[in-house]
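*Asks:* Residues 1 to 214 (the UniProt record's numbering) are what the sequence shown spells out, left to right. Where a beta carbon is used, it is the ideal one built from N, C-alpha and C, also for glycine. Pasting a structure here, questions to come.
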Amino acid sequence: MVKKPQQGTIFAAAQRSDSYFVKCINMLSLYEKIKIRLIILFLLAALSFIGLFFIINYQLVSERAVKRADSRFELIQKNVGYFFKDIERSALTLKDSLYLLKNTEEIQRAVILKMEMMPFLDSVGLVLDDNKYYLFSRRANDKIVVYHQEQVNGPLVDESGRVIFADFNPSKRPWSVASDDSNNSWNPAYNCFDRPGKKCISFTLRINGKDHDL
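Written as structure tokens, this is what we have:
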């Protein structure tokens with residue numbers, strides 16, 4: 001005769017099965033949470049690494065750009081220095097070539113020849129022994145135009161006699177006033193009368209003290 005299982009035994013077995021199933025579900029849920037957290041941590045670590053890489057790369061690029069800019073600025077400074085030194089040497093060379101000349105036409109030819117050989121010279125002004133002023137100015141077409149005075153402190157005229165600047169007094173010009181106490185000097189920027197709206201800087205060289213101005 002087969003005995004039927006008691007109700008309490010079946011209930012207990014079912015209860016144990018449900019409890020085991022719940023535990024499995026809880027373990028799976030915990031595993032999924034850990035997995036998700038690990039993925040999030042991995043993504044955060046990857047993003048942090050990428051961000052750090054870009055920051056370091058940006059700093060390196062910035063440092064290189066600053067170094068390149070500094071190098072270029074130093075090069076520009078050197079080139080500007082060379083440019084001014086060239087003008088000073090050119091003025092000394094011009095002074096030597098004019099020192100023994102007395103004839104006005106010879107002086108004009110000598111200055112024009114030197115300016116043709118030195119394209120970086122825009123203009124050359126001379127105060128001669130008779131205190132008359134001559135200005136040699138390079139124009140846009142590279143032609144050198146000569147302006148002169150027919151009388152001391154009189155009008156500055158061109159080769160045709162047309163008045164360019166009335167009552168021109170060289171001793172009142174900024175380049176003359178600024179260099180009164182020195183045999184040679186660079187002068188602060190001033191308004192160019194033959195180039196309206198533009199500023200000029202010039203190197204003034206006195207020959208034999210105050211006998212000649214170049």
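Would you mind reading off the limits of the alpha helix (DSSP H) that contains V111?
*Replies:* Taking the sequence shown and counting its residues from 1, one reaches residue 111 at position 111. Looking at the DSSP string, the run of the alpha helix (DSSP H) that includes V111 is T104 to M117.
*Asks:* Could you tell me the distance, in whole angstroms, from the CA atom of K143 to the CA atom of V124?
*Replies:* Position 143 of the sequence shown, counted from the start, is the residue given in the question as residue 143. Position 124 of the sequence shown, counted from the start, is the residue given in the question as residue 124. Inter-residue distance for K143 and V124 is about 13 Å (C-alpha atoms, whole angstroms).
*Asks:* Can you give the Cα-Cα distance for I34 and L41, rounded to whole angstroms?
*Replies:* Taking the first residue of the sequence shown as 1, we reach residue 34 at position 34. Taking the first residue of the sequence shown as 1, we reach residue 41 at position 41. C-alpha separation (whole angstroms): 10 Å.
*Asks:* Pull the bridge partners of F136 from the DSSP assignment, please.
*Replies:* As a working mapping, residue 136 is identified with position 136 in the sequence shown. Paired residue(s): V124 and V146.
*Asks:* Buried or exposed: F136, going by 16 or more other Cβ atoms within 10 Å of its Cβ?
*Replies:* The count along the sequence shown starts at 1 and reaches residue 136 at position 136. Buried is the call here.
*Asks:* Am I right that L113 and I107 are in contact with their C-beta atoms under 8 Å? What's the rounded C-beta distance?
*Replies:* As a position in the sequence shown, residue 113 is number 113, starting the count at 1. As a position in the sequence shown, residue 107 is number 107, starting the count at 1. About 11 Å separates the two Cβ atoms, so there is no contact after all.
*Asks:* Between F165, L128, L92 and G81, which has its C-alpha nearest N184's C-alpha?
*Replies:* Here residue 184 refers to the residue found at position 184 when the sequence shown is read from its first residue. Nearest option by C-alpha distance: L92.
*Asks:* Verify whether the separation of the beta carbon atoms of P155 and V146 is less than 8 Å.
*Replies:* Taking the first residue of the sequence shown as position 1, residue 155 is located at position 155. Taking the first residue of the sequence shown as position 1, residue 146 is located at position 146. Cβ distance not < 8 Å, so P155 and V146 don't count as in contact.
*Asks:* Could you check where the beta strand (DSSP E) with N184 kicks off and where it finishes?
*Replies:* The count along the sequence shown starts at 1 and reaches residue 184 at position 184. That run of the beta strand (DSSP E) goes N184 to W186.
*Asks:* In three-state terms, what does DSSP make of Y190?
*Replies:* What you label residue 190 is simply residue 190 of the sequence shown in a count that begins at 1. Y190 falls in the strand class under three-state DSSP.
*Asks:* Rounding to the nearest angstrom, what Cα-Cα distance links F73 and N57 in this structure?
*Replies:* Numbered from 1 along the sequence shown, position 73 holds the residue referred to as residue 73. Numbered from 1 along the sequence shown, position 57 holds the residue referred to as residue 57. Between F73 and N57, the C-alpha separation is close to 24 Å.
*Asks:* Alpha carbon to alpha carbon, how far is F53 from S62?
*Replies:* Here residue 53 is taken as the residue at index 53 of the sequence shown, counted from 1. Here residue 62 is taken as the residue at index 62 of the sequence shown, counted from 1. Taking the straight line from one Cα to the other gives about 14 Å.
*Asks:* Can you name the start and end residues of the beta strand (DSSP E) that I201 belongs to?
*Replies:* Numbered from its first residue, the sequence shown carries residue 201 at position 201. Premise fails: I201 is in no beta strand (DSSP E) and is neither H nor E.
*Asks:* Using the DSSP secondary-structure output, state which residues sit across from L156 in a beta bridge.
*Replies:* If you number the sequence shown from 1, residue 156 lands on position 156. Residue pairing from DSSP places L156 in a beta bridge opposite Q149 and F165.
*Asks:* Which value, in whole angstroms, describes the spacing of the CA atoms of N79 and V111?
*Replies:* The sequence position of residue 79 within the sequence shown is 79, counting from 1. The sequence position of residue 111 within the sequence shown is 111, counting from 1. Using only the alpha carbons, I get a separation of about 25 Å.
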